[in-house]
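Working notes, beginning with the structure itself.
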């Protein structure tokens, strides 16, 4: 089981590769769209990469609920 | 008997009116940088009084002229479209009437943005079966008729155009120029892209379409190559449906195409023209001679339905 810190740092790697986000800016309280400037299509790319990296299924209807990095960490933690 | 078919010529038509991103930004809350970054479109062509049948006719007329065949040689007209307003007569017979094609098998086919590859597959099968000798296959769309120009999530995406191919049978013993079609659909996702009801507007769940297109389609595109006995590494060009530059990039990455494969991004100047986008891009590629005649080109359409289809063709 990955810890919340490990999941957050894994997401930071994905965010850097997919959307050019500085890993130092990635923290649980940050909003993907408002704070990290991840647009809706990049968010899809982040989700697809996270599925592969963490071995989870993130269904289409779940994506809209992942507003912050913390939301994504919690979902991955609960489902992987 | 014929061993199959090949595309002998292409033609295309776009309306003269250019609508830039800045033009759209004067009436809806959007801007040039946002559209270019999200979608990869700088401008699109929007029809005035031209109907779907008019645009289809102009494209078909050019393809026929480029083919060296005459109207009397054509015995099949297939039009892929999802934006023809008139129910009857269909677009194909209107095209035939205007071009003086006397008595062709003439029908429209609607699989939205994947329509051209479906139509090429259908015409190829007809030629293989002996039901036709020479076919004109057209993708023609007037998306401006079904676009809500106050909806910034869709108004920036679409354009009007037509593209056409002339297919002819190849004699037994010769290599066919149209590879076997790989076609299918994901009907369970049908509601994510709709032009539904009376006097409708296009509506789509962009994120879901984007995810499907960038993850599900590359394996089907690869299968289309396998059916044709062509390795992906042998492709001279890949002409996908022109919906979104980032979808194209995603499929190219998953297919593992090298930098020397020509991948048109005609949507930058044409927008998403649905079933017209592949023949439009292929016609321009042939016109500019960006790919040598005879070289393998993978066509791959995808869109509403959700539907998809593709095949490897030898470049005319």
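Protein chains in written order, with the working numbering: chain A, 1 to 80; chain B, 1001 to 1316.
Virtual Cβ for every residue (Gly too), placed ideally from N, Cα, C.
These figures come from a predicted structure and were not determined experimentally.
Return yes when the Cβ of residue j is within less than 7 Å of the Cβ of residue i, no when it is not.
{"i": "residue 1201 of chain B", "j": "residue 1160 of chain B", "result": "no"}
{"i": "residue 1011 of chain B", "j": "residue 1059 of chain B", "result": "yes"}
{"i": "residue 1119 of chain B", "j": "residue 1078 of chain B", "result": "yes"}
{"i": "residue 9 of chain A", "j": "residue 68 of chain A", "result": "no"}
{"i": "residue 46 of chain A", "j": "residue 79 of chain A", "result": "no"}
{"i": "residue 1146 of chain B", "j": "residue 1035 of chain B", "result": "no"}
{"i": "residue 1165 of chain B", "j": "residue 1279 of chain B", "result": "yes"}
{"i": "residue 1318 of chain B", "j": "residue 1294 of chain B", "result": "Residue 1318 of chain B lies beyond the stretch modelled for chain B, which goes from 1001 to 1316, so this question has no answer here."}
{"i": "residue 1138 of chain B", "j": "residue 1268 of chain B", "result": "no"}
{"i": "residue 1303 of chain B", "j": "residue 1116 of chain B", "result": "no"}
{"i": "residue 14 of chain A", "j": "residue 49 of chain A", "result": "yes"}
{"i": "residue 1310 of chain B", "j": "residue 1224 of chain B", "result": "yes"}
{"i": "residue 1063 of chain B", "j": "residue 1094 of chain B", "result": "no"}
{"i": "residue 1185 of chain B", "j": "residue 1307 of chain B", "result": "yes"}
{"i": "residue 1009 of chain B", "j": "residue 1067 of chain B", "result": "yes"}
{"i": "residue 1050 of chain B", "j": "residue 1015 of chain B", "result": "yes"}
{"i": "residue 1214 of chain B", "j": "residue 1248 of chain B", "result": "no"}
{"i": "residue 1006 of chain B", "j": "residue 1170 of chain B", "result": "yes"}
{"i": "residue 51 of chain A", "j": "residue 58 of chain A", "result": "yes"}
{"i": "residue 21 of chain A", "j": "residue 11 of chain A", "result": "no"}
What in chain C is Cβ-close to residue i, meaning under 7 Å?
{"i": "residue 1303 of chain B", "result": "Checking the listed chains, one finds no chain C in this structure; the protein chains it contains are A and B."}
Contact defined as beta carbons within less than 8 Å: I believe residue i pairs with residue j. What is the distance between those atoms, to the nearest angstrom?
{"i": "residue 1291 of chain B", "j": "residue 1262 of chain B", "result": "6 Å"}
{"i": "residue 1071 of chain B", "j": "residue 1101 of chain B", "result": "5 Å"}
{"i": "residue 44 of chain A", "j": "residue 63 of chain A", "result": "7 Å"}
{"i": "residue 1091 of chain B", "j": "residue 1108 of chain B", "result": "5 Å"}
{"i": "residue 1328 of chain B", "j": "residue 1257 of chain B", "result": "An answer regarding residue 1328 of chain B cannot be provided, because it is not within the stretch 1001 to 1316 covered by chain B."}
{"i": "residue 1271 of chain B", "j": "residue 1044 of chain B", "result": "3 Å"}
{"i": "residue 1243 of chain B", "j": "residue 1265 of chain B", "result": "The Cβ separation is near 11 Å, so there is no contact."}
{"i": "residue 1275 of chain B", "j": "residue 1082 of chain B", "result": "7 Å"}
{"i": "residue 26 of chain A", "j": "residue 42 of chain A", "result": "Not really, about 14 Å apart at Cβ, beyond 8 Å."}
{"i": "residue 1048 of chain B", "j": "residue 1087 of chain B", "result": "With 8 Å as the limit, residue 1048 of chain B and residue 1087 of chain B do not qualify as a contact, their Cβ atoms being about 23 Å apart."}
{"i": "residue 1096 of chain B", "j": "residue 1104 of chain B", "result": "5 Å"}
{"i": "residue 1273 of chain B", "j": "residue 1099 of chain B", "result": "Actually they do not touch by this definition, with Cβ atoms about 21 Å apart."}
{"i": "residue 70 of chain A", "j": "residue 28 of chain A", "result": "4 Å"}
{"i": "residue 1150 of chain B", "j": "residue 1028 of chain B", "result": "6 Å"}
{"i": "residue 1222 of chain B", "j": "residue 1232 of chain B", "result": "6 Å"}
Per DSSP, residue i forms a beta bridge with which residues?
{"i": "residue 1194 of chain B", "result": "B/1203"}
{"i": "residue 1108 of chain B", "result": "B/1079"}
{"i": "residue 1142 of chain B", "result": "B/1160"}
{"i": "residue 1136 of chain B", "result": "B/1077, B/1166"}
{"i": "residue 1171 of chain B", "result": "B/1002"}
{"i": "residue 1055 of chain B", "result": "Per DSSP, none; premise fails for residue 1055 of chain B."}
{"i": "residue 1007 of chain B", "result": "B/1167"}
{"i": "residue 979 of chain B", "result": "Nothing in the structure corresponds to residue 979 of chain B, since chain B is present only between 1001 and 1316."}
{"i": "residue 1100 of chain B", "result": "Residue 1100 of chain B is not bridged to any residue."}
{"i": "residue 1184 of chain B", "result": "B/1308"}
{"i": "residue 1067 of chain B", "result": "Per DSSP, none; premise fails for residue 1067 of chain B."}
{"i": "residue 1237 of chain B", "result": "B/1262, B/1297"}
{"i": "residue 31 of chain A", "result": "A/68"}
{"i": "residue 1012 of chain B", "result": "B/1163"}
{"i": "residue 1178 of chain B", "result": "B/1313"}
As a quick exercise: from the options, pick the residue whose alpha carbon is nearest that of residue i.
{"i": "residue 1152 of chain B", "options": "B/1023, B/1002, B/1302", "result": "B/1023"}
{"i": "residue 1254 of chain B", "options": "B/1243, B/1242, B/1238, B/1267", "result": "B/1238"}
{"i": "residue 1004 of chain B", "options": "B/1064, B/1084, B/1176, B/1105", "result": "B/1176"}
{"i": "residue 1179 of chain B", "options": "B/1189, B/1125, B/1208, B/1211", "result": "B/1125"}
{"i": "residue 1013 of chain B", "options": "B/1244, B/1282, B/1198", "result": "B/1282"}
{"i": "residue 1174 of chain B", "options": "B/1128, B/1053, B/1042, B/1041", "result": "B/1128"}
{"i": "residue 1190 of chain B", "options": "B/1088, B/1209, B/1040, B/1033", "result": "B/1209"}
{"i": "residue 34 of chain A", "options": "A/11, A/73, A/66", "result": "A/66"}
{"i": "residue 1226 of chain B", "options": "B/1296, B/1080, B/1065", "result": "B/1296"}
{"i": "residue 1019 of chain B", "options": "B/1158, B/1061, B/1299, B/1196", "result": "B/1158"}
{"i": "residue 1039 of chain B", "options": "B/1029, B/1046, B/1021", "result": "B/1021"}
{"i": "residue 1069 of chain B", "options": "B/1049, B/1168, B/1080, B/1230", "result": "B/1168"}
{"i": "residue 1135 of chain B", "options": "B/1031, B/1106, B/1144", "result": "B/1106"}
{"i": "residue 1219 of chain B", "options": "B/1199, B/1251, B/1233", "result": "B/1251"}
{"i": "residue 1183 of chain B", "options": "B/1289, B/1066, B/1299, B/1027", "result": "B/1299"}
{"i": "residue 1154 of chain B", "options": "B/1193, B/1181, B/1123", "result": "B/1193"}
{"i": "residue 1188 of chain B", "options": "A/54, A/74, A/4, A/60", "result": "A/60"}
{"i": "residue 1181 of chain B", "options": "B/1277, B/1228, B/1080, B/1073", "result": "B/1228"}
{"i": "residue 1195 of chain B", "options": "B/1113, B/1212, B/1232, B/1233", "result": "B/1113"}
{"i": "residue 1080 of chain B", "options": "B/1277, B/1212, B/1211", "result": "B/1277"}
Whole beta strand (DSSP E) elements within the stretch 1239-1314 of chain B, 3-residue minimum | 1296-1303, 1307-1314
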